[in-house]
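Residue numbers (the working numbering): 105 to 174.
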């Protein structure tokens, strides 16, 4: 687990993971999409005009790397 915290995914790693997830989401039912978002540990905070999205993005080099997008 400690290795995952030190791993810094490249932009290409994140783009590949996002592409894979987005392609697969198109064919899922609403319940399956909800389960996928839970598996990716997606959390969304909305504060006025600010939106923060956080989740775990799987990359090939390690099982899961955490990434926060604002």
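Positions of the beta carbon are idealized from the N, C-alpha and C atoms, including for glycine.
Straight-line gap, residue i to residue j (C-alpha atoms, nearest Å)
{"i": "residue 117", "j": "residue 161", "result": "9 Å"}
{"i": "residue 147", "j": "residue 141", "result": "9 Å"}
{"i": "residue 156", "j": "residue 115", "result": "19 Å"}
{"i": "residue 158", "j": "residue 145", "result": "8 Å"}
{"i": "residue 128", "j": "residue 137", "result": "9 Å"}
{"i": "residue 125", "j": "residue 152", "result": "28 Å"}
{"i": "residue 154", "j": "residue 131", "result": "30 Å"}
Nonlocal neighbours in the same chain, by C-beta distance under 6 Å from residue i, ignoring five residues either side
{"i": "residue 171", "result": "The predicted position of residue 171 is uncertain, since its pLDDT is 47 and thus under 50; no value can be drawn from it."}
{"i": "residue 135", "result": "none"}
Cut-off 7 Å between Cβ atoms - residues of its own chain near residue i, not counting five sequence neighbours on either side
{"i": "residue 149", "result": "156"}
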